[in-house]
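Chains as they are written, first to last, in the numbering used here: chain A, 1 to 333; chain B, 334 to 666; chain C, 667 to 999; chain D, 1000 to 1332. By construction, the Cβ of each residue, glycine as well, lies at the ideal position given by its N, Cα and C atoms. Predicted, not measured: the structure shown is a model, and the values here were computed from it.
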């Protein structure tokens, strides 16, 4: 029973059906009918004219977004625990040609206008010092917390005031939406987001994310950067098909709901072992070495986090029975 | 009836079966069983210890190979008509951090030791001039010609003598192998190739190529560069599965054979309209504007190339009937 | 008697005087009085509001200009024989983060709207192909020819029409101005140039060029790029002092006039040995191996160019006697 | 009376004399006699075969060193307060093509094997995480402290054990040597340093530093990187001349001694206002706003550092009288 990562989850059957349906000769790259329909499909979802590009990975989606927002000689503000800062082997630096990540603090991997200003205001305006040009937040965060539309708006107000671009890493955007019960529009462009990395792979897709430009002027150059980075797949229709399938009948929401529900089950059992509130599908628990061993002995797999801490991740296909069993095991520790 | 590009071809049923079979929870990235089995599987195919990485696109595979072989301040020798020089929006420059492509001449997009030396020998050794550090050839070439093992060996002898790395862009490697009837080993490491971009997508795959390091020492850093470029898919097992499926029962050879056969049918009909010998699955024909219009009126689609020239591409799934019909239409022009 | 290169010429006495005069404690980097006075001084010279930055080398000045005009994923049109293409070890690729040089043809290293369009019009608009975003010309050219204001205007009209930035590499701008007898304004912004690399080192300076932005909006980011490239010298006042000294009393024009005059003396003697008209301070002559040896035996040093060709370069300090002696020796061949 | 920065100090008369002496026609770039003599001159100084390159700025010298030691996808360990991390507008990221600075802690901007390991040991070996490949220390540090040969050796032992390159930013290397009374060899290669940025500009030079490779194999590629970065000045002899002049008669040591002595005078007066021990030519003092104003009213200029802190810097030409006057004024606060 694996609670390692939603990256390891299976692919939703509807995605497979869509791949099969796409299996005819069509135009290459992103000139096929499915790829060309993405702008309209996502514009409908976001209730606004957006540009939508399929991107094979979240790392590439994030990095392309940052390259669109920040020149090589400037900096991107982000949380110290941000995926872009820690887990992408310098991909943002690669795609931006060396822009610097300027790390901010904040509980549960959430930055606030205050923690962002603490960093930005300490940087003098001279040419010796890397100037911020963009802010990137992760929603839901790397610790499973969710920014509300109001929190996002407060940050975007700061971005507008300072002339910074604003990116949201939404690898678990679906989980955040489900938690909040708000519309995708409310959590993004209505709250001032310029670009969203909209995750699908962790949530039941096979190999694609969507990069959504609310500032559509940024999309054209990004299409060139995508090609230049080797991310323009020649049979792009199989990526577009996955996105259409996930949006159809709100599968993306149902899947996220299932993951969040499983996490809530575990959270309830974990009680005050929890290091952070559980708002999405990740849990961080205080569990000592012996307790961890006991859980593993019962067949549960997961990552050790820090000393005396473990991480549990649920996903769209986490069997209810397994979540229940793990909850019971945790409660019994 | 589409003769535009093998990039637009459908995916082979065995690949779909393999994707379905891979659809269980497994480890993320390339730590799953299928990905971990790639080195062994390709080592068997190439009769040598190789390192094999799945890469979502040929552009990325080529560029990662060049980044492994050439530092930012040096140059890569290649044919003027090479895909890396013309059709990748500067991907080699992106991945190598600005290495320069040094273009060589040669009939049918094939370089020779002579045309390569003509360029390399004109470059003085001083720091003002970009020094070659690698040679990249495409086999089969962008004009559908095939380098023989002897021709590859002659080029690799030059590379060894000069201290250059040697890369083969094998987007249509399968078509070359089928044409030559030689073993994969004979056309690659036995002929001195360091790195091969081994194409699968055009040949019946969905979204993956294999990057094969015969010089295994280069693979480790490339695994980091792959991550950094956003090409380490989180559900890598679906890429590995495609490669295993294509190698199983020699599907890769059967598919290439079918494509080459269809091309040969067309070639026979084209006669002296042919601009280049047809050795793989691409044909370039002298066809005037009126003739092209006539073919299109009969339902055949294809690219105009230069003025008075068209390109035809067959693929693994080109219906025999369509190839026959086009052959007849060409013969009747 | 050395006719190798104006790069090897001595430094004008007025420059030394200015260095000595600058030798007091002052503010570091470019906040000193001399550096701060550059915008005004060059604005006066160019009869327009310009931004002027000292830059230690022409290679850096050119590359910073290109980085200001062209994004990493696009291309810079230039002549095949341009210094930026041949003699800077990939500096433009380094500073632009991998933009591609798109080489055009033309007599004597001069491009024309026709030769530029021949390249640009062959590039389709898709994402696979590097799109031009800037044009760079060298005036005087690498073969000692001079673009007239009318020729520059014709090229800038093309740039405006296509949305390209327009850079002039003026390593020998002074020689061009002297040849034409026009004003600096007429040859630059009045003819549509956006950025000029204004050479001083070859013309009697020690270690500085000026980078002149007629489009001042580009200067701010370039100041950051200059720092980031390690070109913001901590004692910048010694660079600014050189520029002020060279402009004072039109030393820059007198020096260039002296170099051009010496070249004209040689040109007259060379007659139909000349491969190009002599409009600045470089000469390219048909001289066979034996003749070259004979000149060298008489004490004249110079570069062999192609087979049967030599290059002669004069400079501000070329002794009249040496030029006369070489002219006589050439005439006597 | 300016105590802002040694960057603003004048140039030593011997340097001027050397510039004048170099003012003859010679070969361009670094092929002149003075540049070619640098390897030998510095080898003598360091009692070992070294490669020595002139570089116009410390920022460029540091960045070229890091580019020689660390690939784009890896990281450079350094102190949080290191100049390369804070004051170079991302130059290391530019020259290394996006390598990441991994910041370590330590009193007075000095790292220790423990603080370095604290960072390095927290990085797992997988491809998701930027791996350290080099360590860079500054000697004397940004807070005016000096690493002893024993401390440097302890760090180099760690580097050797981990396979990291080891760079010393010696912008104030001379001040460190004078403080320690050891030989240049003892503080560098004998203590395991691979590359040294050897500062001359702050210490009486005009516009050059020396980049010293104890691992000579790294120098060749760096010569190409130097050209590519626009740092190969065409009249390089004027840079080489400065280095020779500063080494002659131990001017570099005398100058540093004068600066250190002036700093010691101030330090004695500052007493327990000192935030760090004074071992070189920088002082950091606890001085409240009113006291700072009082010093300024007496004609002393300096930087405010943090709230309630000021920085004072002396240099080779700080008039003894001014140092004495400032010492008295501080004592009188």
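- Contact check for residue 732 of chain C and residue 942 of chain C: beta-carbon distance about 26 Å, past the 8 Å limit, so the pair fails to qualify.
- Each residue's CA atom was taken as its position, placing residue 1229 of chain D and residue 1236 of chain D some 16 Å apart.
- In the displayed model, residue 876 of chain C falls within a strand according to three-state DSSP.
- By the Cβ criterion, the segment 1174-1184 of chain D is not in contact with the segment 1149-1156 of chain D, since fewer than three pairs of Cβ atoms, one from each stretch, lie closer than 8 Å.
- When rounded, the separation of the alpha-carbon atoms in residue 805 of chain C and residue 925 of chain C is 15 Å.
- Counted as a single uninterrupted DSSP element, the stretch harbouring residue 803 of chain C is not any alpha helix (DSSP H) but the beta strand (DSSP E) occupying residues 798-804.
- Between residue 694 of chain C and residue 1004 of chain D, the C-beta spacing is below 8 Å.
- Take residue 1029 of chain D, set aside five residues on each side of it, and the residues of its chain with a beta-carbon closer than 7 Å to its own are 1231 and 1235, in chain order.
- About 5 Å separates the beta carbons of residue 760 of chain C and residue 431 of chain B, which is inside the 8 Å limit, making them a contact pair.
- Look at the beta carbons and you see the segment 1035-1048 of chain D not touching the segment 1119-1138 of chain D: under three pairs across the two are nearer than 8 Å.
- The Cβ atoms of residue 10 of chain A and residue 207 of chain A do not sit closer than 8 Å to each other.
- Residue pairing by DSSP puts residue 284 of chain A in a beta bridge opposite A/311.
- Straight through space, the alpha carbons of residue 1189 of chain D and residue 1179 of chain D are spaced by roughly 15 Å.
- Burial state of residue 937 of chain C is exposed, judged by a 10 Å Cβ sphere holding fewer than 16 other Cβ atoms.
- If you draw a 10 Å sphere on the C-beta of residue 1089 of chain D, you find 16 or more other C-beta atoms in it, and that means buried.
- Annotated three-state conformation of residue 1078 of chain D is strand, per DSSP.
- At least one beta carbon of chain B lies nearer than 8 Å to the beta carbon of residue 755 of chain C.
- Close CB contacts of residue 888 of chain C within its chain, under the 6 Å cut and outside five residues either way in sequence, are with 730 and 734 (chain order).
- In the displayed model, residue 268 of chain A falls within a helix according to three-state DSSP.
- Residue pairing for residue 170 of chain A: DSSP places it in a beta bridge opposite A/198.
- Residues of chain C with a Cβ closer than 8 Å to the Cβ of residue 535 of chain B do not exist, since the nearest Cβ in that chain sits about 15 Å away.
- CA-to-CA, the gap between residue 1164 of chain D and residue 1217 of chain D works out to about 11 Å.
- Residue pairing for residue 55 of chain A: DSSP places it in a beta bridge opposite A/209.
- Using a Cβ distance threshold of 8 Å, residue 375 of chain B and residue 545 of chain B count as a contacting pair.
- Where residue 1099 of chain D is concerned, there is no enclosing alpha helix (DSSP H), although the beta strand (DSSP E) around it starts and stops at 1099-1103.
- Annotated as proximal: residue 1091 of chain D and residue 1083 of chain D, with beta-carbon spacing under 8 Å.
- For residue 476 of chain B, the number of other beta carbons within 10 angstroms of its own is at least 16, and it is reported as buried.
- If you check the CB distance, residue 1283 of chain D and residue 1000 of chain D do not come in under 8 Å.
- One thing to note: residue 78 of chain A has its Cβ within 8 Å of the Cβ of residue 104 of chain A.
- Annotation: Cβ neighbours of residue 405 of chain B in chain D (cutoff 7 Å, chain order): 1096.
- At least 8 Å separates the beta-carbon of residue 439 of chain B from that of residue 530 of chain B.
- Around residue 129 of chain A, the beta-carbon contacts reaching into chain D at under 8 Å are 1085, 1086 and 1088.
- Minimum Cα-Cα distance from residue 321 of chain A among the listed residues A/265, A/306 and A/279 corresponds to A/265.
- Those residues of the segment 1214-1235 of chain D placed with their C-beta closer than 8 Å to a C-beta in chain B are 1220, 1222, 1223, 1224, 1225, 1226, 1227 and 1231, ordered along the chain.
- Chain B has no Cβ within less than 8 Å of the Cβ of residue 195 of chain A.
- Using a Cβ-Cβ cut-off of 7 Å, residue 426 of chain B is close to 759, 764 and 766 of chain C, given in chain order.
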